[in-house]
Amino acid sequence: MTKKLPLQKHLFDIPDEVTFLNHAFFAPQLRAMTEIGLQSVRAKSSPWNYTPQHWFEDGETLRGLIAQVVGVASDDMAIIPSVSYGMAIAAKNITVRSDQNIVVLHEEFPSNYYAWYYKAKDCGAALRVVHRTNKLNWTEAICENIDEKTAVVAVPNCHWTDGARIDLERVSQKARSAKAALVIDASQSLGAFPIPIEKIRPDFLISVGYKWLLGPYSLGYLYVDPKWQEGTPIEYSWLNRFGSENFSRLIEYTDKFRQGARRYDMGEFSNFINVPMAIAGLRQIITWEVSAISESLLDLTSYAAQSAHSLGWVTTSDSERIPHLLGIRHATSMPSDIGQKLSENKIYVSIRGNAIRVAPYLYNQKSDMDRLFEVLKVYSR
Numbered sequence: 120m121t122k123k124l125p126l127q128k129h130l131f132d133i134p135d136e137v138t139f140l141n142h143a144f145f146a147p148q149l150r151a152m153t154e155i156g157l158q159s160v161r162a163k164s165s166p167w168n169y170t171p172q173h174w175f176e177d178g179e180t181l182r183g184l185i186a187q188v189v190g191v192a193s194d195d196m197a198i199i200p201s202v203s204y205g206m207a208i209a210a211k212n213i214t215v216r217s218d219q220n221i222v223v224l225h226e227e228f229p230s231n232y233y234a235w236y237y238k239a240k241d242c243g244a245a246l247r248v249v250h251r252t253n254k255l256n257w258t259e260a261i262c263e264n265i266d267e268k269t270a271v272v273a274v275p276n277c278h279w280t281d282g283a284r285i286d287l288e289r290v291s292q293k294a295r296s297a298k299a300a301l302v303i304d305a306s307q308s309l310g311a312f313p314i315p316i317e318k319i320r321p322d323f324l325i326s327v328g329y330k331w332l333l334g335p336y337s338l339g340y341l342y343v344d345p346k347w348q349e350g351t352p353i354e355y356s357w358l359n360r361f362g363s364e365n366f367s368r369l370i371e372y373t374d375k376f377r378q379g380a381r382r383y384d385m386g387e388f389s390n391f392i393n394v395p396m397a398i399a400g401l402r403q404i405i406t407w408e409v410s411a412i413s414e415s416l417l418d419l420t421s422y423a424a425q426s427a428h429s430l431g432w433v434t435t436s437d438s439e440r441i442p443h444l445l446g447i448r449h450a451t452s453m454p455s456d457i458g459q460k461l462s463e464n465k466i467y468v469s470i471r472g473n474a475i476r477v478a479p480y481l482y483n484q485k486s487d488m489d490r491l492f493e494v495l496k497v498y499s500r
């Protein structure tokens, strides 16, 4: 049986009067990360303490930790600034013909839409936007839209607006049968939900670091299947080159890249402030274990779903959603002032489309959900 974690609020700097249920928007950082960040800022006051090794050592530590979370080899991971950057790499390297199509979701987050919109436009291919229906869930709808002309399937692990789950194993099987590339935006699941990478076998998997991976902003991660590791990066950083560790020989230009997915690293991936903070976040996640995080958050969202149903609100069933996210919909129409009313009570969620997205973390407990529904009670039925 998967263990459940006790309340971890003491590790975060969240006032008691604040009910923060918006981890999927912008995660609070650990107290320890704040201290590390301050130390890292101060360190640049003494640049004489830096050596060439500093440009690589922490970056490689970070690469190893994120590889452990994903469940792959360190050589398969690149350090990037954003999902849009990772999507641009995938789009640059995947060939799409004019008679083919690219599958994306309706109301997908823009970073996983624009890269494929412009790829289809440039190639003359069709952009196939999948809609969920009353008869088909997301997984079924995606699989129905994959055919022998599909070149790319670009999907998340769950829909970002309400946590509706996508069965990536089924989607992967359908994509493979069509010989289509599978590109995953795992920003709303990696670090909070176990992803069986060996069964899904994506071509590219991309995630921001500042949500469920507890990292700072402007730092993300890209998994690259080995068959794409001889591809073309979207920038030509000196740090990505073979032998770049030897600063005295940098002007001896070379066409060779560093090993594996490192060719796709962003310029200045060594970021001396963000990288140490991200390391601390990933180490904490590994200590907790992703499966335990997921199980613990399921307790909270299931409790929230029961509370919602008792007041006449509608949610996606537990079996159809990711454990750590819950979309709550009004039975008729979402009240226009509900976000403001919640904020006035220092309760923080996201309104996404026609859903209140509830995204708790290990600093939350059931009493936080009770506070939320005490306000929602006014709008019920």
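For reference, each letter of the sequence shown is one residue, going 120 to 500 in this note's numbering. No residue lacks a Cβ here, since even glycine has one placed at the ideal position from N, Cα and C.
A residue is called buried when at least 16 other Cβ atoms come within 10 angstroms of its Cβ; threonine 280 meets this threshold and is buried. If you draw a straight line from the Cα of arginine 368 to the Cα of valine 394, it is about 26 Å long.
Aspartate 304 carries a strand assignment under DSSP once its states are collapsed to helix, strand and coil. Assignment of beta-bridge partners to proline 275 by DSSP yields Asp304. The C-beta distance from isoleucine 353 to alanine 245 rounds to 24 Å, too long to fall under 8 Å, and the pair is not in contact. Straight-line measurement puts the Cα of serine 326 at about 32 Å from the Cα of glutamate 463. Contiguous beta strand (DSSP E) elements confined to the segment 191-265 occur at 196-199, 220-224, 245-249, taking only those with 3 or more residues. When secondary structure is reduced to three states using DSSP, alanine 143 falls in the coil class, being assigned neither helix nor strand. 8 Å or more divides the Cβ of leucine 140 from the Cβ of isoleucine 412. Inter-residue distance for isoleucine 404 and aspartate 218 is about 44 Å (C-alpha atoms, whole angstroms).
The criterion of a C-beta distance shorter than 8 Å is not satisfied by serine 308 and leucine 301. Shown here for proline 313: same chain residues with a beta carbon closer than 7 Å to its own, the five before and five after excluded, namely Val409, Ser410, Ser413 in chain order.
Across the structure, aspartate 132 and asparagine 365 are spaced so that their CA atoms are roughly 41 Å apart. Under the 8 Å Cβ criterion, the segment 382-398 counts as touching the segment 193-209, having at least three qualifying pairs. The C-beta distance from serine 415 to phenylalanine 492 rounds to 20 Å, too long to fall under 8 Å, and the pair is not in contact. Per DSSP, the beta-bridge partners of phenylalanine 131 are Leu149. Cβ-Cβ separation between phenylalanine 376 and phenylalanine 361: approximately 6 Å, consistent with a contact (criterion under 8 Å).
Membership of valine 343 in the beta strand (DSSP E) is indicated by the continuous run 339-343.
Buried is the label assigned to histidine 449, since at least 16 other Cβ atoms lie within 10 Å of its Cβ. By the neighbour-count criterion, in which 16 or more other beta carbons inside 10 Å mark a residue as buried, aspartate 195 falls on the buried side. Residues of the same chain with a CB within less than 6 Å of the CB of glycine 458, apart from the 5 flanking positions on each side, are Ile470 in chain order.
Here valine 160 is exposed. Its C-beta has fewer than 16 other C-beta atoms within 10 Å. Counting the other CB atoms within 10 Å of its CB gives phenylalanine 145 a total below 16, which places it among the exposed residues. Under a 10 Å Cβ-count criterion, serine 230 is classified as buried, with 16 or more other Cβ atoms of the shown protein chains found around its own Cβ.
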